[in-house]
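Peer 1: Take a look at this one; I'll ask things after.
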Ligand SMILES: Nc1ncnc2c1ncn2[C@@H]1O[C@H](COP(=O)(O)OP(=O)(O)O)[C@@H](O)[C@H]1O
Ligand SMILES: [Mg+2]
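Residue numbers (this note's numbering), protein chains in the order written: chain A, 1 to 236; chain B, 1001 to 1287.
Given below as C-alpha cells:
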C-alpha cells in the first residue's frame, strides 16, 4: 500500500520552476531512495512535501489523506517526520532538550522518557553528551541527534535529506546501518542522497531526479546496474 | 550609593522593555518599533482605571491585560499578514502602528501631559542616604519578573519551543511546534513586560502623554542592541548597564548635559568593538 504519494508536484522560486511535475510513491515498509546531482531539486521536493515552502501545483497524500496543504507542524503528529538537509539541530539547546522537542506533539507523556532511553541505546554517545549543548557536537554526532530527534515522534514515515553530507566514511556507515535497522523495525524511509551508491544499496526502490524531473525509476539493484546511472552517479 | 540603586532601578525598567524588543526580534525576526507605544497605552490604562475606581492594584492589572491584548491584536492584524514579506515593509508597518497608537491616544486623551497618581510610597533613610521606596520596589519586582521569565524560557516545554523557533523556524515547524502561536505568545509576553515597565515608569515620573513611550522605547532598544539583539540575558544586562550609566552621568554635574549623548556613544563604541552586541551571536540564515 502506498504510504506517501506525490502526483505532478510543481515548485517555483519566483520565475524559476525548480520542480516540473514530479510523481512518485513510497509504499509501506520500503526504503525508497531519491537520487540526483547537486541542484537537481531533491531538497525542494522534501521541503514542499512538508509545506515548508509552497507548492505551485500537484497533490500529496499520506495514508490516503490529502496533505497537499496541511501545515508543516501538523504532519509530525500524523506520523511523518523529516530529518532536514544540514541536520538543523537546535544548537543552543542540550542534546536531551533536542530529543524532547522531537516528541513535542506526543500525547503519551509518560512514555517519552522510555523513548529517550531507546535513542540513547541506539547511540550511547548521545547519552554521554545528553546535557551538552548540541552545537558542540561533531558533524556525525549531530546527524545521530537529528535522526533520533525525528524518531522521538515515532514516525510511520521518515524523510531523510542527505544524511551522509559532510560525514567521514565511518559515520556514513553508522548512519546507513541505522537507517536499515530503523526500517527493519517497521519505519518506512524516503532517503534523499547524492551518495547514490550507498543509498541504492540499501533501497528497495529508487528514483533518479534531473533538473526538476524524474528520469528513471527501478529497484535499487536495477539502478545500481544501470549503465547510464553508473556513468552519471556512481563514478563509472 | 543611592545613585547606583537609582541606576539599577531605572536600568531594570529599560531591561523589561528591552526584553520585549529582543524576544520579538529573536522569535519573529522583526523590529517592533511600536513597542514603546505599548508602554504609553499602559500608562493611560492606569490613568483611566485610577479615575474610574481608584485602586492601584486594579489599575496595574488593567494595564497588564490591556497591553497584552493590544500586543496580540497588533501582531495578528498588522504583522501576521506580512509574514515572509520584506523586512522593510514590516518595519514601515511597525512605524505606522506606532503613529496610529499615538494618534488614538491623542484623540481620546488630548496632547497635553496629564498627571497620573498611582501609589506614593514615600522614602526611607539609611544613615546618610535617602531612597525612594518606589525605586526599591521597582528593582525587586523587576528582578522577580526577569527571574521568572528566565525560568519559564529555560525550564518549560513552551519556553524551549520559543528557543527552537528563534533558532530555526523551519526545523521548529518540523518538530510540530505551531510557530505562529509561539510568535503570538511572544508578543503577548513582551507587551505584558511593557505594561509592567509602564507601571514602574509611573512610580518614578507620575505623568503621561501620547509620546511618553518614545524615549524609554528608544533607550530600551539601544539597551537591547548593546546586549545583543535576540539575546534575553543580553537585554537584561544592556538595560541595567544603560540605566546605571544614565544615573551616574546625571549625578556628575560636568557630564549631566551630555547624558543621552554618552549613552548613544556607548552604543556606537560597543557596536564597533563587537558588532553583534555584548552577548549577541552571529546567525546563519535558513529556510
Ligand atoms: N530559496 C531558493 N531560491 C531560489 N532558488 C532556489 C532556492 N533553493 C533552491 N533553489 C534552486 O532550486 C534548484 C534545486 O535546489 P535544491 O532543491 O536545493 O537541490 P538539491 O537538494 O537536489 O541539491 C537549484 O537550482 C537551486 O539553485
Ligand atoms: Mg539538497
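Using N, Cα and C, we set each Cβ at its ideal position, and we do this for glycine too.
Short check: CB of residue 235(A) to CB of residue 218(A), under 8 Å?
Peer 2: On the first chain, residue 235(A) is found 235 positions in, with the first residue counted as 1. On the first chain, residue 218(A) is found 218 positions in, with the first residue counted as 1. Contact flag unset, no.
Peer 1: Would you check if there are 3 or more beta carbon pairs closer than 8 Å linking the stretch 1212–1219 of chain B to the stretch 1035–1044 of chain B?
Peer 2: yes
Peer 1: If distances are taken between C-alpha atoms only, which option among 184(A), 157(A), 52(A) and 141(A) comes closest to residue 172(A)?
Peer 2: What you label residue 172(A) is simply residue 172 of the first chain in a count that begins at 1. The residue with the shortest Cα to Cα distance from residue 172(A) is 141(A).
Peer 1: Closer than 5 Å from C-beta to any heavy atom of ligand 1: which residues, in chain order?
Peer 2: Listed along the chain, these residues meet the criterion: 13(A), 18(A), 38(A), 39(A), 40(A), 41(A), 42(A), 43(A) and 44(A).
Peer 1: Show which residues of chain A have a CB atom less than 9 Å away from the CB atom of residue 1178(B).
Peer 2: Along the second chain, one-based indexing puts residue 1178(B) at 178. For residue 1178(B), the C-beta contacts it makes with chain A under 9 Å involve 71, 73 and 74, in order along the chain.
Peer 1: Residue 1083(B) versus chain A: which residues are under 9 Å apart at the beta carbon?
Peer 2: In the second chain, counting from the first residue as 1, residue 1083(B) sits at position 83. For a Cβ distance threshold of 9 Å, nothing in chain A lies close to residue 1083(B): the least Cβ distance comes to about 12 Å.
Peer 1: When burial is assigned at 16 or more other CB atoms within 10 Å of the CB, is residue 42(A) buried or exposed?
Peer 2: What you label residue 42(A) is simply residue 42 of the first chain in a count that begins at 1. Per the 10 Å Cβ criterion, buried.
Peer 1: Would you say the beta carbon of residue 85(A) is closer than 7 Å to some non-hydrogen atom of ligand 2?
Peer 2: Along the first chain, one-based indexing puts residue 85(A) at 85. Checking the Cβ of residue 85(A) against ligand 2 gives yes.
Peer 1: When the cut-off is 8 Å and only beta carbons count, does residue 1229(B) lie next to chain A?
Peer 2: Taking the first residue of the second chain as 1, we reach residue 1229(B) at position 229. Look at residue 1229(B): its C-beta is not under 8 Å from any C-beta on chain A.
Peer 1: When the Cα of residue 1298(B) is compared with those of 1178(B), 1031(B) and 1166(B), which residue comes out closest?
Peer 2: Outside the displayed range of chain B (1001 to 1287) lies residue 1298(B), so it cannot be described from this structure.
Peer 1: Between the stretch 1006–1021 of chain B and the stretch 1244–1255 of chain B, do at least 3 Cβ pairs fall closer than 8 Å?
Peer 2: Pairwise C-beta distances place the stretch 1006–1021 of chain B in contact with the stretch 1244–1255 of chain B, as three or more of them are shorter than 8 Å.
Peer 1: Thinking C-alpha only, which one of 1140(B), 1002(B), 1163(B) and 1028(B) is nearest residue 1081(B)?
Peer 2: Looking up residue 1081(B) in the second chain gives position 81. Residue 1028(B) is the option with its Cα nearest to residue 1081(B).
Peer 1: Return the residue from the list 1132(B), 1117(B) and 1033(B) that minimises the CA-CA distance to residue 1093(B).
Peer 2: Locating residue 1093(B) in the second chain gives position 93, counting from the first residue. Out of 1132(B), 1117(B) and 1033(B), 1033(B) has the C-alpha closest to the C-alpha of residue 1093(B).
Peer 1: Check whether the stretch 1133–1146 of chain B and the stretch 30–42 of chain A are in contact - that is, three or more C-beta pairs closer than 8 Å.
Peer 2: no
Peer 1: Cβ of residue 77(A) less than 8 Å from any chain B Cβ?
Peer 2: Position 77 of the first chain, counted from the first residue, corresponds to residue 77(A). With 8 Å as the cut-off, residue 77(A) counts as an interface residue toward chain B.
Peer 1: Ignoring anything shorter than 4 residues, give me the alpha helix (DSSP H) runs that lie fully in the stretch 1036–1083 of chain B, in order along the chain.
Peer 2: 1056–1074
Peer 1: Any C-beta of chain B within less than 7 Å: which residues of the stretch 82–97 of chain A qualify?
Peer 2: Of all residues in the stretch 82–97 of chain A, only 82, 84, 88, 90, 91, 92, 93 and 97 place a beta-carbon less than 7 Å from a beta-carbon of chain B.
Peer 1: Taking just the CA atoms, how far does residue 1151(B) sit from residue 136(A)?
Peer 2: Taking the first residue of the first chain as 1, we reach residue 136(A) at position 136. Taking the first residue of the second chain as 1, we reach residue 1151(B) at position 151. Whole-angstrom Cα-Cα distance: 23 Å.
Peer 1: The beta strand (DSSP E) spanning residue 210(A) covers which residue range?
Peer 2: Position 210 of the first chain, counting from 1, holds the residue named residue 210(A). Note, residue 210(A): beta strand (DSSP E), 205–210.
Peer 1: May I ask you to list the residues that DSSP assigns as paired with residue 1278(B)?
Peer 2: Translated into positions along the second chain, residue 1278(B) becomes position 278. Per the DSSP secondary-structure output, residue 1278(B) pairs with nothing in a beta bridge.
Peer 1: Between the stretch 220–230 of chain A and the stretch 1189–1201 of chain B, are three or more C-beta pairs nearer than 8 Å?
Peer 2: No, the stretch 220–230 of chain A does not touch the stretch 1189–1201 of chain B.
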